[in-house]
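Heads up, the thing below is written out as structure tokens.
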Amino acid sequence: MAIRTQIQVRGIVQGVGFRPYVFCLATASSLRGHVFNNATGVLIDVEGESHSIESFITALRSKPPPLSIIESVASKSVNLPAHFPDFRIVESDGTGAQFVPISADIATCADCLREMFDPLNRRYRYPFINCINCGPRFTIIERIPYDRARTTMREFDMCSACRVEYEDPSNRRFHAEPTCCADCGPTIVLSPCLRGPHAATKSVLNADFKTNAINNARQRLTEGKILAVKGIGGYHLVCDALNSAAVETLRNRKYREDKPFALMAYSIAVIEKYCYISQAEKELLWSWERPIVLLGKRPAPGMSDAIAPGVNSLGFMLPYTPLHYLLLEDLDLPLVMTSGNMSDEPIVYTDEDAGQRLGKIADQFLWHNRRIHIRMDDSVTRVPNNPTANAGGSALILRRSRGHAPAPAKTSLKFDRQILACGAELKNTFCLTKGSYAFISHHIGDLENLETLNSFTEGIDHYQRIFNLAPEIIAYDLHPEYLSTKYALACDEIAYKIGVQHHHAHIASCMADNGFEGKVIGVAMDGLGFGTDGKLWGGEFFVADFANADRIAHLDYIPMPGGAKAIREPWRLAAIYLQRAFGGEFLGLDLPFVRKLDRHKWSTLSSMIASNSICPETSSMGRLFDAVSALLGIRNVVNYEGQAAIELEAAADTRVSGGYEFGVADSGIIETEPVIKGVVEDILNGRPPGEVSAKFHLGVASLIADIATQIRDEQRLNRVALSGGVFQNMFLLQSTSEKLRKRDFEVLTHSRVPCNDGGISLGQAAIANARWKLTP
Numbered sequence: 002m003a004i005r006t007q008i009q010v011r012g013i014v015q016g017v018g019f020r021p022y023v024f025c026l027a028t029a030s031s032l033r034g035h036v037f038n039n040a041t042g043v044l045i046d047v048e049g050e051s052h053s054i055e056s057f058i059t060a061l062r063s064k065p066p067p068l069s070i071i072e073s074v075a076s077k078s079v080n081l082p083a084h085f086p087d088f089r090i091v092e093s094d095g096t097g098a099q100f101v102p103i104s105a106d107i108a109t110c111a112d113c114l115r116e117m118f119d120p121l122n123r124r125y126r127y128p129f130i131n132c133i134n135c136g137p138r139f140t141i142i143e144r145i146p147y148d149r150a151r152t153t154m155r156e157f158d159m160c161s162a163c164r165v166e167y168e169d170p171s172n173r174r175f176h177a178e179p180t181c182c183a184d185c186g187p188t189i190v191l192s193p194c195l196r197g198p199h200a201a202t203k204s205v206l207n208a209d210f211k212t213n214a215i216n217n218a219r220q221r222l223t224e225g226k227i228l229a230v231k232g233i234g235g236y237h238l239v240c241d242a243l244n245s246a247a248v249e250t251l252r253n254r255k256y257r258e259d260k261p262f263a264l265m266a267y268s269i270a271v272i273e274k275y276c277y278i279s280q281a282e283k284e285l286l287w288s289w290e291r292p293i294v295l296l297g298k299r300p301a302p303g304m305s306d307a308i309a310p311g312v313n314s315l316g317f318m319l320p321y322t323p324l325h326y327l328l329l330e331d332l333d334l335p336l337v338m339t340s341g342n343m344s345d346e347p348i349v350y351t352d353e354d355a356g357q358r359l360g361k362i363a364d365q366f367l368w369h370n371r372r373i374h375i376r377m378d379d380s381v382t383r384v385p386n387n388p389t390a391n392a393g394g395s396a397l398i399l400r401r402s403r404g405h406a407p408a409p410a411k412t413s414l415k416f417d418r419q420i421l422a423c424g425a426e427l428k429n430t431f432c433l434t435k436g437s438y439a440f441i442s443h444h445i446g447d448l449e450n451l452e453t454l455n456s457f458t459e460g461i462d463h464y465q466r467i468f469n470l471a472p473e474i475i476a477y478d479l480h481p482e483y484l485s486t487k488y489a490l491a492c493d494e495i496a497y498k499i500g501v502q503h504h505h506a507h508i509a510s511c512m513a514d515n516g517f518e519g520k521v522i523g524v525a526m527d528g529l530g531f532g533t534d535g536k537l538w539g540g541e542f543f544v545a546d547f548a549n550a551d552r553i554a555h556l557d558y559i560p561m562p563g564g565a566k567a568i569r570e571p572w573r574l575a576a577i578y579l580q581r582a583f584g585g586e587f588l589g590l591d592l593p594f595v596r597k598l599d600r601h602k603w604s605t606l607s608s609m610i611a612s613n614s615i616c617p618e619t620s621s622m623g624r625l626f627d628a629v630s631a632l633l634g635i636r637n638v639v640n641y642e643g644q645a646a647i648e649l650e651a652a653a654d655t656r657v658s659g660g661y662e663f664g665v666a667d668s669g670i671i672e673t674e675p676v677i678k679g680v681v682e683d684i685l686n687g688r689p690p691g692e693v694s695a696k697f698h699l700g701v702a703s704l705i706a707d708i709a710t711q712i713r714d715e716q717r718l719n720r721v722a723l724s725g726g727v728f729q730n731m732f733l734l735q736s737t738s739e740k741l742r743k744r745d746f747e748v749l750t751h752s753r754v755p756c757n758d759g760g761i762s763l764g765q766a767a768i769a770n771a772r773w774k775l776t777p
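Rendered as structure tokens:
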């Protein structure tokens with residue numbers, strides 16, 4: 002006897018081939034009915050034998066399409082028969098309260114690559130080939146449900162051949178919304194400049210495509226030219242990575258002095274010429290997210306030293322769009338593939354902006370006429386040498402963006418009220434919540450200029466619109482000068498505002514990342530964050546849950562003469578730590594650092610400290626790393642955030658055992674003088690900088706394990722959460738994790754969101770949720 006059942010599927014089920022999958026599964030199960038996207042996911046209405054429907058529902062749950070994430074499958078019987086003649090995909094229903102998680106952009110699949118390089122295929126060498134299993138998603142979606150008419154692809158009318166594929170249930174492009182070909186879809190042009198959003202007509206673009214703009218672009222690259230190449234989420238600046246003159250020219254034009262450039266290569270074989278690659282790293286490179294993966298440098302001739310000066314890793318990614326594959330085809334060399342922007346600005350994604358902002362950097366533009374709706378930078382990841390250092394998985398996300406956003410993080414929390422968490426200032430992300438979902442945004446960048454602030458506000462508006470979210474609570478960092486904080490406080494439409502201490506947010510982020518809700522020993526170490534006492538924290542130990550954080554211990558405060566200038570000039574901090582350890586006599590130490598110290602500048606700093614003029618106090622572990630880097634002669638002045646600490650890690654000789662010892666007072670103040678004295682003694686005795694660096698790292702790891710043990714003895718807690726940008730340092734993370742596990746601690750580290758400030762917004766949301774629930 003035939004029965005009728007309606008099935009609502011929720012999760013990431015739009016834009017991942019779910020309706021075609023349902024069509025094929027229902028047809029194979031001899032079921033009749035229809036399927037369509039609706040405001041909360043996918044609705045299936047079927048008639049057939051009860052056992053066939055039961056098997057159908059079981060298959061939906063257990064064998065969904067690989068790119069989908071099923072959150073729930075709810076079914077209900079319908080007494081009124083519909084007498085469906087067959088099974089069909091029908092028009093989407095855009096009514097109702099819309100809430101549908103959206104797929105991230107997906108790297109080109111193997112099937113499309115085979116077609117693109119097949120001379121007999123009608124999409125041969127077409128740079129926008131895609132199907133239901135790959136291609137642009139979030140960056141072209143304007144609103145939901147996910148249909149072509151609601152994406153930027155609506156500007157291209159499908160030709161008859163594409164329409165046949167789109168409507169054929171047996172075809173891989175069945176209801177693939179970005180479906181197109183050279184006759185009806187976007188096309189590409191190589192030009193010396195861009196003049197506005199529509200710099201060339203369709204006929205001109207097609208004419209240039211047929212003369213092979215990509216081959217011409219490849220020729221320009223081999224000549225040492227710099228190209229601005231339009232991708233899925235914005236423009237990249239591209240040049241030959243083996244051409245030192247081209248790389249240096251790009252640095253000069255982009256005003257990017259030392260920060261490493263990202264690289265792209267056609268294959269693993271090319272990357273292996275320049276880097277060591279483990280099996281886990283290969284799998285990460287080949288994953289459909291296609292992130293930048295930080296890999297250990299291999300001694301190899303040819304690579305320009307200007308790619309990543311002062312560090313022992315290179316950031317490589319594999320092609321993730323058809324255009325990339327065509328550009329890199331047969332190139333036995335890597336290309337610089339860095340974000341298309343001026344330093345400190347967000348990635349450029351509109352053609353008009355590209356023409357204005359990149360015109361003085363790029364020699365030519367390789368661009369296309371498919372509009373990008375929202376910008377999206379590349380994600381950055383790293384695999385620890387010792388995978389056990391990361392309890393949550395084998396890869397660490399350092400920048401969560403393309404391939405990950407906007408896919409939500411499913412949490413163990415219940416967000417009864419929708420929350421907007423505004424994040425931090427550096428490496429900003431925002432977070433919106435609903436139900437058990439945390440929608441952590443793509444990487445916004447450092448909120449230090451109007452362009453990035455506009456990207457931040459535009460992103461919030463887009464996420465609220467596309468996911469139909471209306472936050473009732475807004476969470477923000479306590480630092481009064483952060484632009485994200487000012488945005489939150491000025492947001493009149495959200496009345497309930499909750500300020501969250503920066504390092505508590507770090508620990509809460511790590512807890513939420515791991516699905517843990519109890520109390521933990523929290524270790525938060527970073528550059529700095531505003532403390533509840535008005536000072537700048539950054540080397541903190543807490544006993545914390547989502548609602549509260551009790552500060553148990555911290556590094557002793559030191560002054561930062563000049564404030565932010567002390568961050569840019571680590572020599573200032575090194576001199577202050579020397580004075581703390583040796584008094585005024587430090588000027589007589591026979592250290593290279595002291596011999597080169599400008600005494601006039603030091604006199605000025607001493608006066609500033611004595612008069613407490615522009616001298617905020619900090620307990621930052623990141624600043625201590627900077628100071629040791631300067632003492633070793635590695636980095637006195639930095640050109641990008643974290644440079645001194647990154648180069649200190651790169652210098653470390655990991656074969657060394659044993660570390661310097663900190664002092665810890667009964668009050669919980671951590672004394673740095675013994676460490677500084679140990680560093681100075683080893684330098685005076687001629688110990689190599691690599692050994693001194695390693696001893697410093699191991700000393701910090703031992704400090705963390707020792708204080709965690711003291712807290713456990715007093716408070717019977719055995720879980721330690723490690724968070725903050727300092728734990729991007731793999732040597733420190735692995736050493737710390739190993740020491741803690743040897744003492745039988747359970748160690749929580751990050752895996753789904755960054756440990757740096759890119760994960761702060763998730764922690765803010767979790768804390769705001771807990772505190773709201775405690776409100777009378």
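In terms of this note's numbering, the sequence shown opens at residue 2 and continues consecutively.
Ideal Cβ placement from N, Cα and C applies to all residues, glycine included.
Nearest neighbour of residue i, chosen from the options [CA to CA]
i    : options                : result
I705 : L741, C276, V17, D379  : L741
K1   : A105, G316, R20        : The requested residue 1 does not occur in the structure, where the chain is confined to residues 2 to 777.
D557 : T673, K602, M609       : T673
L649 : P562, A695, L749       : A695
D447 : V337, S344, A722, G634 : S344
S736 : G764, V721, F746, V701 : V701
I141 : N134, E156, P128       : E156
D527 : G540, G436, L484, I215 : G540
T223 : A767, L598, A246       : A246
T153 : P179, R164, V165       : P179
V74  : R89, L68, L44          : L44
N244 : A229, R254, G225       : G225
A652 : E662, L633, A666, S668 : L633
E473 : H480, L121, C492, D87  : C492
Same chain, Cβ closer than 8 angstroms to residue i, five either side skipped, listed in chain order
i    : result
A162 : R123, C182, D184
L336 : L222, V239, C240, D241, A242, L264, M265, A266, L328, L329
Distance CB(residue i)-CB(residue j) smaller than 8 angstroms
i    : j    : result
R174 : C132 : yes
N757 : G726 : yes
D379 : R358 : no
V638 : R569 : yes
I553 : F542 : yes
D352 : G311 : no
Own chain, CB closer than 7 angstroms to residue i, minus 5 neighbours either side, in chain order
i    : result
G759 : R400, R401, K428, T430, H444
Host alpha helix (DSSP H) of residue i (start-end)
i    : result
Y641 : Counting along the chain, Y641 falls outside any alpha helix (DSSP H), and DSSP gives it neither H nor E.
W603 : 600 to 612
First and last residue of the uninterrupted beta strand (DSSP E) at residue i
i    : result
W368 : 365 to 369
E249 : Premise fails: E249 lies in the alpha helix (DSSP H), 245 to 255, not in any beta strand (DSSP E).
L448 : Where L448 is concerned, there is no enclosing beta strand (DSSP E), given that its DSSP letter is neither H nor E.
F317 : 314 to 318
S78  : 70 to 78
Y236 : 236 to 241
Span separating the alpha-carbon of residue i from that of residue j
i    : j    : result
I615 : M609 : 7 angstroms
L238 : S268 : 20 angstroms
S171 : G49  : 22 angstroms
P755 : L81  : 51 angstroms
N719 : N549 : 18 angstroms
A545 : H505 : 7 angstroms
K602 : E426 : 30 angstroms
C276 : P409 : 33 angstroms
Y438 : E143 : 21 angstroms
L433 : I233 : 24 angstroms
Cutoff 8 angstroms: residue i Cβ touching any chain B Cβ
i    : result
R742 : Checking the listed chains, one finds no chain B in this structure; it contains a single protein chain.
Same chain, Cβ closer than 6 angstroms to residue i, five either side skipped, listed in chain order
i    : result
A390 : Residue placement at A390 is poorly supported in this model, since its pLDDT is 45, which falls under 50; the coordinates are not used for a value here.
L529 : L537, G539, T619, S621
S93  : F37, N38, P146, D148
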